[in-house]
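Position 6 of the sequence shown, counting from 1, maps to 5 under numbering that gives the first Met the number 0, and the rest follow consecutively. Every residue gets a Cβ at the ideal spot worked out from N, C-alpha and C, and that includes glycine. These numbers were taken from a predicted model, which means no experiment stands behind them. Presented below is the structure to which this report refers.
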Amino acid sequence: MMLRFVVRRLLQVIPTLLLLSIVVFAWLRSLPGGPATAFLGDRATPEGIAELNRVMGLDQPIWVQYGRFLGRVATGDFGTSSITGQPVLEEIGRALPATIELSITALVIAVGLGIPLGYVAALHRGRSLDVATVMGTLVGVAVPVFFLGYVLKDVFAVDLGLFPPSGRQSVAVDATNVTGFAVLDGLLTREFDATLDALHHLVLPALALATIPLAVIVRITRASVLDVLGSDFVRTANSKGLAPGTVRGRHVMRNALLPVSTTIGLQVGLLLAGAVLTERVFVWGGVGTLLADAITLRDYPRLQAVLLLGALIYVLVNLLVDLSYAVIDPRVRLS
Numbered sequence: 000m001m002l003r004f005v006v007r008r009l010l011q012v013i014p015t016l017l018l019l020s021i022v023v024f025a026w027l028r029s030l031p032g033g034p035a036t037a038f039l040g041d042r043a044t045p046e047g048i049a050e051l052n053r054v055m056g057l058d059q060p061i062w063v064q065y066g067r068f069l070g071r072v073a074t075g076d077f078g079t080s081s082i083t084g085q086p087v088l089e090e091i092g093r094a095l096p097a098t099i100e101l102s103i104t105a106l107v108i109a110v111g112l113g114i115p116l117g118y119v120a121a122l123h124r125g126r127s128l129d130v131a132t133v134m135g136t137l138v139g140v141a142v143p144v145f146f147l148g149y150v151l152k153d154v155f156a157v158d159l160g161l162f163p164p165s166g167r168q169s170v171a172v173d174a175t176n177v178t179g180f181a182v183l184d185g186l187l188t189r190e191f192d193a194t195l196d197a198l199h200h201l202v203l204p205a206l207a208l209a210t211i212p213l214a215v216i217v218r219i220t221r222a223s224v225l226d227v228l229g230s231d232f233v234r235t236a237n238s239k240g241l242a243p244g245t246v247r248g249r250h251v252m253r254n255a256l257l258p259v260s261t262t263i264g265l266q267v268g269l270l271l272a273g274a275v276l277t278e279r280v281f282v283w284g285g286v287g288t289l290l291a292d293a294i295t296l297r298d299y300p301r302l303q304a305v306l307l308l309g310a311l312i313y314v315l316v317n318l319l320v321d322l323s324y325a326v327i328d329p330r331v332r333l334s
């Protein structure tokens, strides 16, 4: 049953990505300017732009360009960056570990704090702790990621000097690159000073990126727990004299976690979008930085590859969330 569900969902990914590729392809080419104009800058002339468009193949009809793009993608070739001249997949491969490391850390913070805070707030509904938690989530959702990033950077890095202001590792640390994941590489090579240094650099950007998902998870967890606490089966369990810990653990949390799991999957999209701004603030050098540069310089191949990669990651994460339903509650059947 589960294998059939996974195969069916993976097959659904193909038309989703195909439709997204069409939308992205058409949208990029509808924007004013282009990679030739961005590349030439002040030196741009109509003749120079026309020649560079010819070299890049951008003078062909859009359906011809799209057909060539699909043909290359089918062979694993996303083209070369129109700015750097390097293969796009190689650029993404070098930058992806940084973004994954940052996003996973932020997600761990959001989930690790969000579920307990939402649960405790629900148990103390209407009290000062609950009110403070709800007010905190409102602020967390309202504050832009880049603004919070600059505040954390100015206060804790520049003013107090508690954390590094930018980058993934200190220049003075001679770290061995194995996988591209700075924390993991330090553990694999037993260079624990490099691991600690990488964790030190992770704190501020991960906190900034985790803020909005954390606030959302707290609110959804609180609402879900309150909903389950008011259900008939919980009242029945309490009337039978079951211990409060048993009722809350076996009945309340198990049922409350189902909508929370869906929310966690949806937050991946926020993390990927927020990573663009967070990486710019902290000079992180991940895929978000590649995307921001590609937008500025109209680098079509890089933009297309990064957006499609983000969509693929988002779809796969939500597939894992669907599978987690059966783990959280065995009564759930995948169909």
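Around the C-beta of residue i, are 16 or more other C-beta atoms found within 10 angstroms, so that it is buried, or is it exposed?
i      : result
Thr98  : buried
Leu290 : buried
Gly117 : buried
Gln168 : buried
Glu89  : exposed
Ala49  : exposed
Asn176 : exposed
Ser127 : exposed
Leu319 : exposed
Gly287 : buried
Asp192 : exposed
Ala35  : buried
Thr210 : buried
If you draw a straight line from the alpha carbon of residue i to that of residue j, how long is it in whole angstroms?
i      : j      : result
Pro96  : Gly229 : 44 Å
Trp87  : Pro164 : Residue identity differs from the one stated: residue 87 is Val in this sequence, not Trp. Roughly 29 Å separates the two Cα atoms.
Val217 : Thr44  : 54 Å
Leu302 : Leu225 : 43 Å
Ala109 : Asp129 : 18 Å
Asp292 : Lys152 : 22 Å
Trp283 : Arg93  : 12 Å
Gln85  : Gly56  : 17 Å
Asn52  : Gln11  : 35 Å
Asp309 : Leu271 : According to the sequence as given, residue 309 is Gly; it is not Asp. Cα to Cα, the separation comes out at about 7 Å.
Phe180 : Glu46  : 45 Å
Thr74  : Phe24  : 18 Å
Pro345 : Ile114 : Any question about residue 345 goes unanswered here, given that the chain covers just 0 to 334.
Leu201 : Ser102 : 10 Å
Phe4   : Val154 : 49 Å
Please classify residue i: does DSSP put it in a helix, a strand, or coil?
i      : result
Gln266 : helix
Val142 : coil
Ala274 : helix
Asn52  : helix
Ser169 : coil
Trp26  : helix
Asn254 : helix
Leu318 : helix
Phe68  : helix
Phe162 : coil
Asp153 : helix
Pro60  : coil
Ala310 : helix
Considering just the uninterrupted stretch of the alpha helix (DSSP H) at residue i, what are its terminal residues?
i      : result
Thr220 : Phe191 to Leu228
Val286 : Val286 to Leu296
Asp184 : Ala181 to Leu187
Is the closest heavy atom of the ligand GDP to the C-beta of residue i under 7 Å?
i      : result
Ser165 : The model depicted lacks the ligand GDP and carries no ligand whatsoever.
> Can you list, in chain order, the stretches of the alpha helix (DSSP H) that have 4 or more residues and sit fully within the region 73-137?
Replying inline: The region 73-137 contains these whole alpha helix (DSSP H) runs: 87-122.
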